[in-house]
Amino acid sequence: MYFLERFSEFLWGLPLIVTIIFSGIFFSLGAKLFQFRYFGHIMKETFGKLFDKKRREVDKGEGVVSPLEAVSIAIGGAVGTGNIGRIIVAISVFLFALSTSGGWYAYFEILIRHLLGDRTRAKEIAFKLFKLIYPIPGFLLVLVAVLKEMPSARVWLLGDIASGVPTFINVIAILILSRRFFELLKDYKARYMGVGVEKADFKVFYEDGVKESLK
Numbered sequence: 000m001y002f003l004e005r006f007s008e009f010l011w012g013l014p015l016i017v018t019i020i021f022s023g024i025f026f027s028l029g030a031k032l033f034q035f036r037y038f039g040h041i042m043k044e045t046f047g048k049l050f051d052k053k054r055r056e057v058d059k060g061e062g063v064v065s066p067l068e069a070v071s072i073a074i075g076g077a078v079g080t081g082n083i084g085r086i087i088v089a090i091s092v093f094l095f096a097l098s099t100s101g102g103w104y105a106y107f108e109i110l111i112r113h114l115l116g117d118r119t120r121a122k123e124i125a126f127k128l129f130k131l132i133y134p135i136p137g138f139l140l141v142l143v144a145v146l147k148e149m150p151s152a153r154v155w156l157l158g159d160i161a162s163g164v165p166t167f168i169n170v171i172a173i174l175i176l177s178r179r180f181f182e183l184l185k186d187y188k189a190r191y192m193g194v195g196v197e198k199a200d201f202k203v204f205y206e207d208g209v210k211e212s213l214k
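FYI, numbering that gives the first Met the number 0 numbers position 50 of the sequence shown as 49, with every residue one higher than the one before it.
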């Protein structure tokens with residue numbers, strides 16, 4: 000347990016903080032302070048869409064949280080929940096766990112999809128195995144926590160480690176892919192903001208090139 004505590008402190012300690020701060024400065028300067036120069040555009044596309052009827056039609060899809068719902072949840076969490084809060088919190092934790100599990104599934108599915116590229120047969124086999132294997136680790140962890148009557152502090156400790164490792168890896172991966180990010184940002188500004196020249200042959204992902212070659 001001592002090792003896990005020290006490892007968690009390391010993950011969420013100075014190394015990650017320094018890496019995140021460096022990444023923030025690096026991307027801000029590389030994007031020419033996009034978040035400050037185009038703050039109005041960002042607000043328009045986020046908070047400005049809260050009561051947009053067209054946006055609500057788009058946000059009716061299953062599993063989609065609209066801007067209004069997201070802001071309402073955030074305000075509700077800040078204001079408080081009252082005496083019925085225990086029930087609401089229990090339901091919220093369950094839904095949070097469900098959405099988190101689904102998010103991780105989508106994350107790993109994308110990794111597999113890009114790792115295997117255009118090898119269709121290999122993808123089918125990999126996805127079938129992944130769907131069978133994916134629920135097992137989480138189920139076993141919950142089972143052990145319940146049977147061993149594990150203290151909540153230890154459960155959260157394991158959760159911190161489980162979240163910290165991919166967070167660290169993601170930050171490093173984003174830095175490695177920074178060149179692609181700047182290309183995407185440049186394309187977005189040209190397409191949706193009228194800043195710069197739009198390249199008709201620009202491919203966002205490798206699948207775009209594959210689909211085009213099949214036409």
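Even glycine gets a Cβ: it sits at the ideal position worked out from N, Cα and C.
Note that the structure is a prediction, hence the values are computed from the model and not measured.
According to DSSP, is residue i helix, strand or coil?
| i | result |
| --- | --- |
| F201 | coil |
| R179 | helix |
| M42 | helix |
| E8 | helix |
| A30 | coil |
| V209 | With a pLDDT of only 49 at V209, under the threshold of 50, the placement of this residue in the model should not be trusted, and no figure is reported. |
| V196 | coil |
| Y191 | helix |
| Y1 | helix |
| Y37 | coil |
Rounded to a whole number of angstroms, what is the C-alpha to C-alpha distance between residue i and residue j?
| i | j | result |
| --- | --- | --- |
| I41 | A144 | 43 Å |
| L174 | S22 | 7 Å |
| E182 | A30 | 10 Å |
| Y187 | G137 | 38 Å |
| G193 | L28 | 21 Å |
| A172 | T166 | 10 Å |
| G195 | T18 | 31 Å |
| P160 | K198 | Just to set this straight, residue 160 is Ile in the shown sequence, not Pro. Distance between the alpha carbons of I160 and K198: 42 Å. |
| K127 | G101 | 16 Å |
| F38 | L15 | 27 Å |
| A152 | I20 | 28 Å |
| D200 | R178 | 18 Å |
| V141 | E4 | 20 Å |
| E44 | M149 | 44 Å |
| K147 | L139 | 12 Å |
Less than 7 Å between the C-beta atoms of residue i and residue j, yes or no?
| i | j | result |
| --- | --- | --- |
| Y133 | Y106 | no |
| G163 | L10 | yes |
| I111 | A121 | no |
| S7 | L156 | yes |
Open item on the list: My parser needs the alpha helix (DSSP H) runs of 4 or more residues fully inside the region 107-163; what are they?
Closed with: With a minimum length of 4 residues, the continuous alpha helix (DSSP H) runs that stay inside the region 107-163 are 119-132, 134-146.
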